[in-house]
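As structure tokens, the structure follows; a few thoughts come after it.
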Amino acid sequence: MKTQMSKQKVFISGDEAVALGVRLARPHVISAYPITPQTIVVERLSEMVEDGSLKARYIHVESEHSAMSAAMGASAVGARAFTATSSQGLLYMAEGMHYASGGRMPIVMMNANRSLALPWSIFGDHRDSLSMLDSGWIQVYVEDAQEALDMTIQAFRIAEDAAVLTPFMINLDGFILTHTYEIVDIPDQSKVDSFLPVFKTPNKMSLEKPKSMGFSTSPADNMEFKYQQHKAMLDAKDIIHSVDKEFGKTFGRSYGGMIDSYNCEDADYVLVTAGSVTGTARIAVDNLRSRGIKAGLVKLRYLRPFPDEEVRAAAGDVKAIGVLDKDISFGYEGTIFTNVNSALAHLSIRPVSINFIAGLGGRDISIKDIEGIYHDLEEAVTVGKDKSFAKVRYVNMGVEIDG
Amino acid sequence: MLKPEIKNYVTPKHIRDYPTGPSFEAGHLVSINAGWRTFKPVVDINVCTGCYQCYLLCPDGAISKTDNKKIEFDYSFCKGCGVCAHECSFNAISMVKEELTK
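These protein sequence lines are chains F and U, in that order. So the number in my numbering is just where the residue sits in the first sequence, counting from 1, plus 98. So the number in my numbering is just where the residue sits in the second sequence, counting from 1, plus 19.
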């Protein structure tokens with residue numbers, strides 16, 4: 099990059115960090131269609147292919163559906179494939195996403211989290227990726243550009259593991275991460291090469307060993323293949339932990355595996371977050387701690403597989419848990435809240451849990467908003483579990499609402 | 020003539036007995052597959068010129084070449100679609116109604 103500061107540290111955006119991570123991972127094929135706010139990822143990658151610094155085939159496709167299809171074709175001949183998208187583009191890939199996970203094709207995709215139309219909006223929330231939670235893709239949510247780059251490298255390693263063979267989606271909050279600039283440490287190519295071995299898969303078309311790929315099944319066998327897919331996703335948890343540890347040893351940065359908890363050890367009130375808002379919440383926790391409030395924070399890194407045991411271990415015995423959702427599953431509540439509550443349901447004594455819907459369509463979530471969330475949690479505990487309180491709350495609504 | 024053989028199907032006992040994802044070696048046939056045929060193609064080998072147009076066009080690969088440079092049908096896999104009879108330039112193939120046999 100032009101803005102190089104030292105040999106390894108550069109000042110780049112989240113999108114550029116992903117592109118550099120992809121180059122280090124040496125994919126054979128990139129097939130992608132540009133969409134705001136992902137565009138810079140695929141622009142940089144096409145430039146790298148053009149200038150020869152990335153020896154890959156860049157396939158210009160006419161749509162996201164074709165991008166996913168081409169990535170599957172590449173994966174089917176044993177190639178390492180990457181794609182990237184956002185929002186409406188992700189939904190246009192939906193059919194292929196189930197196909198890729200069912201076919202056990204470890205494609206890696208970057209998704210720039212952006213709201214879904216209508217109303218049309220290019221700004222961020224998590225409604226795009228959360229609506230694809232059941233597509234059989236591993237989903238990680240990163241907090242900053244460094245984590246975006248590091249997870250791009252880890253993603254291929256985890257997805258391609260023989261016990262996993264499951265596609266992997268790296269989520270970056272649109273604009274907040276994709277378009278803001280940070281100092282990012284770039285790992286050595288030689289270290290990445292030894293960390294990330296050449297992709298090998300049992301599911302490969304070849305002339306030497308012809309295969310019938312993607313066959314159909316009768317009801318006699320279909321369920322077994324679906325169970326197998328589920329089992330591989332559950333088994334991915336161990337691989338996620340070991341890969342994160344090995345990454346830490348090799349590159350000096352690790353992220354805690356499935357979750358990252360902050361000040362949870364003695365916490366009374368814990369907020370559960372995903373993605374970039376975690377950085378804001380860390381500051382809110384520090385502020386509250388300085389005022390004597392025992393605030394803690396759980397950053398959900400992975401939403402699939404879901405860190406149920408990790409959530410129970412980190413926050414099972416607190417007084418109250420808040421779950422921040424940049425999402426509503428219309429007619430119920432935030433999807434992350436539903437998932438966290440189902441993890442807590444296994445406890446005999448459960449903390450109070452409240453859902454905070456925030457940041458839809460790119461609405462800002464400030465430190466003050468998050469401090470307010472902790473005050474709400476405190477109040478709910480003071481009011482008492484038996485008294486009724488609003489289970490789902492809307493942060494920073496611009497108008498009054500009934501009920 | 021290289022024809023696929025019917026292999027013995029071993030019913031999986033453990034989830035490990037399944038392949039990883041729905042992919043397996045090509046040509047692994049475990050049963051004949053022609054049950055829904057109502058008309059079957061029959062070739063008049065005196066009219067057949069061995070042009071192999073039908074051989075190339077059969078969607079199921081159920082036609083093979085014989086030593087005397089004619090063709091024969093594999094009725095274990097022919098679905099009776101009639102493409103061969105339709106495409107034969109010499110009208111050497113006719114579609115004959117299957118008899119109901121038990």
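All C-beta atoms, glycine included, are put in the ideal place defined by N, C-alpha and C.
Residue i versus residue j: straight-line alpha-carbon distance, rounded
| i | j | result |
| --- | --- | --- |
| N269 (chain F) | P403 (chain F) | 14 Å |
| S310 (chain F) | K98 (chain U) | 20 Å |
| V416 (chain F) | Y367 (chain F) | 6 Å |
| A379 (chain F) | R399 (chain F) | 15 Å |
| N361 (chain F) | T278 (chain F) | 27 Å |
| S504 (chain F) | E322 (chain F) | The structure shown does not extend to residue 504 (chain F), since chain F is modelled only from 99 to 501, so the question has no answer here. |
| R212 (chain F) | T134 (chain F) | 9 Å |
| F43 (chain U) | R56 (chain U) | 27 Å |
| F254 (chain F) | F266 (chain F) | 8 Å |
| D79 (chain U) | D425 (chain F) | 50 Å |
| F273 (chain F) | D242 (chain F) | 12 Å |
| V481 (chain F) | L475 (chain F) | 10 Å |
| A462 (chain F) | I468 (chain F) | Here the sequence assigns Asp to residue 462 (chain F), which means Ala is not the residue at that position. Each residue's Cα considered, the two are about 11 Å apart. |
| A260 (chain F) | D319 (chain F) | 22 Å |
| E24 (chain U) | C73 (chain U) | 22 Å |
| R389 (chain F) | K466 (chain F) | 14 Å |
| N439 (chain F) | S451 (chain F) | 8 Å |
| K26 (chain U) | A81 (chain U) | 17 Å |
| E118 (chain U) | H33 (chain U) | 42 Å |
| L189 (chain F) | R142 (chain F) | 23 Å |
| K347 (chain F) | H47 (chain U) | 45 Å |
| I381 (chain F) | G171 (chain F) | 45 Å |
| K153 (chain F) | K107 (chain F) | 23 Å |
| K84 (chain U) | N65 (chain U) | 15 Å |
Boundaries of the beta strand (DSSP E) in which residue i is found, first to last residue
| i | result |
| --- | --- |
| I112 (chain U) | 112–116 |
| T378 (chain F) | Run containing T378 (chain F): none in the beta strand (DSSP E); it sits in the alpha helix (DSSP H), 375–388. |
| H430 (chain F) | Note that residue 430 (chain F) is Tyr in the sequence shown, not His. That residue, Y430 (chain F), is in no beta strand (DSSP E); it is neither H nor E in DSSP. |
| Y472 (chain F) | Segment 465–481 is the alpha helix (DSSP H) holding Y472 (chain F); no beta strand (DSSP E) there. |
| E498 (chain F) | Unbroken run through E498 (chain F): none, as it is neither H nor E. |
Residue environment, residue i, which counts as buried when at least 16 other CB atoms sit within 10 Å
| i | result |
| --- | --- |
| T299 (chain F) | buried |
| V240 (chain F) | buried |
| A215 (chain F) | exposed |
| N52 (chain U) | exposed |
| D271 (chain F) | buried |
| S359 (chain F) | buried |
| A443 (chain F) | exposed |
| M230 (chain F) | buried |
| H224 (chain F) | buried |
| G492 (chain F) | First, the residue type needs correcting, since residue 492 (chain F) is Tyr and not Gly in the sequence shown. Label assigned to Y492 (chain F): exposed. |
| N301 (chain F) | buried |
CB contact flag (residue i, residue j, <9 Å)
| i | j | result |
| --- | --- | --- |
| T371 (chain F) | L401 (chain F) | no |
| V140 (chain F) | A130 (chain F) | yes |
| I138 (chain F) | S111 (chain F) | yes |
| A45 (chain U) | P308 (chain F) | yes |
| D500 (chain F) | A456 (chain F) | no |
| A412 (chain F) | A478 (chain F) | no |
| C70 (chain U) | S108 (chain U) | yes |
| A179 (chain F) | D113 (chain F) | no |
| V62 (chain U) | F92 (chain U) | yes |
| G40 (chain U) | L263 (chain F) | yes |
| D291 (chain F) | R124 (chain F) | yes |
| G201 (chain F) | G312 (chain F) | yes |
| R351 (chain F) | Q186 (chain F) | no |
| F454 (chain F) | G429 (chain F) | no |
| V383 (chain F) | A393 (chain F) | yes |
| I357 (chain F) | P285 (chain F) | no |
| W235 (chain F) | M195 (chain F) | yes |
| L275 (chain F) | G373 (chain F) | yes |
| M303 (chain F) | V175 (chain F) | yes |
Below-9 Å beta-carbon distance, residue i vs any chain B residue
| i | result |
| --- | --- |
| E322 (chain F) | Protein chains F and U are contained in the structure displayed, whereas chain B is not. |
Bounding residues of the alpha helix (DSSP H) (the contiguous stretch that carries residue i)
| i | result |
| --- | --- |
| R225 (chain F) | 225–228 |
| E344 (chain F) | 320–349 |
| G112 (chain F) | 112–123 |
| D248 (chain F) | 243–258 |
| L519 (chain F) | Not covered by the structure: residue 519 (chain F). The range shown for chain F is 99 to 501. |
| Q186 (chain F) | 185–190 |
| I90 (chain U) | Careful: I90 (chain U) lies outside any alpha helix (DSSP H), inside the beta strand (DSSP E) at 90–92. |
| H105 (chain U) | 102–106 |
| Q287 (chain F) | 287–293 |
Q) Of all the residues that make up the stretch 200–215 of chain F, which are near chain U by a beta-carbon distance shorter than 9 Å? A) G200, G201, R202, M203
Against chain U: residues of the stretch 297–317 of chain F by CB proximity under 8 Å | P300, N301, K307, P308, K309, S310, M311, G312, F313, S314, T315
Margin query: Residues of the stretch 28–51 of chain U in Cβ contact with chain F at a cutoff of 8 Å, in chain order, please.
Written below: P31, I34, Y37, P38, T39, G40, P41, S42, F43, E44, A45, G46, H47
Check distances from the C-beta atoms of the stretch 261–294 of chain F to those of chain U and list, in chain order, the residues that come in under 8 Å.
So the list reads L263, given in the order they occur along the chain.
### Query
Which residues, taken in chain order from the stretch 238–256 of chain F, show a beta carbon closer than 7 Å to some beta carbon of chain U?
none
Selection of the stretch 122–146 of chain F by Cβ proximity to chain U, strictly under 8 Å: Listed in sequence order: no entries.
* Using a Cβ-Cβ cut-off of less than 9 Å, give me the residues of the stretch 323–336 of chain F that come near chain U, in sequence order. => F323, Y325, Q326, Q327, K329, A330
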